[in-house]
Amino acid sequence: MPQFNPNNFADRLKDRNAARAAELERAKKRAEAMKETAAARAEERARVAKERDERRAAREAEKRAEQDRIDAEKRAAEEERLRLEAEAAAEAERQKHEEMAKYAELLAAQKAARDARYAARKARQKR
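Residue 59 in UniProt numbering sits at position 59 of the sequence shown, and the numbers go up by one each step.
Listed below in structure tokens is the structure:
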């Protein structure tokens with residue numbers, strides 16, 4: 001058997017309207033509380049955003065410094081390579097000149113020996 005409900009339709013409407021009014025009042029109180037802390041929250045968000053931007057700027061500066069260091073090392077290595085190549089080319093040129101000088105001395109010695117043999121032969125023939 002259904003349970004007897006003494007509330008009639010008007011009572012239920014009145015209870016519903018009271019619940020809606022109470023909910024509206026709670027929402028207004030929450031909104032007022034939010035308004036009171038809105039400035040503090042906005043200030044906190046701004047502070048967090050500023051710190052985040054500072055960290056990002058610091059990371060970017062660190063990356064730029066690291067890239068500058070790497071570029072400087074590359075330039076130094078390239079300069080060292082060019083210096084070593086120039087030294088090697090100069091050494092090769094010096095060795096080439098030494099070899100040419102030795103070859104010229106050898107040719108001169110050979111010519112002197114040949115001339116001495118020729119002179120000896122002519123001296124033998126004149127006797």
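From the three backbone atoms N, C-alpha and C, an ideal C-beta is built for every residue, glycine too. Computed from a predicted structure; not experimentally measured.
query                                                                          : result
Separation of residue 91 from residue 100, as counted between CA atoms         : 14 Å
Residue 17 (DSSP reduced to helix, strand or coil)                             : helix
Where residue 127 sits in the DSSP three-state scheme                          : coil
Beta carbon of residue 8 nearer than 9 Å to that of residue 15                 : no
Cα-Cα separation between residue 59 and residue 78, rounded to whole angstroms : 28 Å
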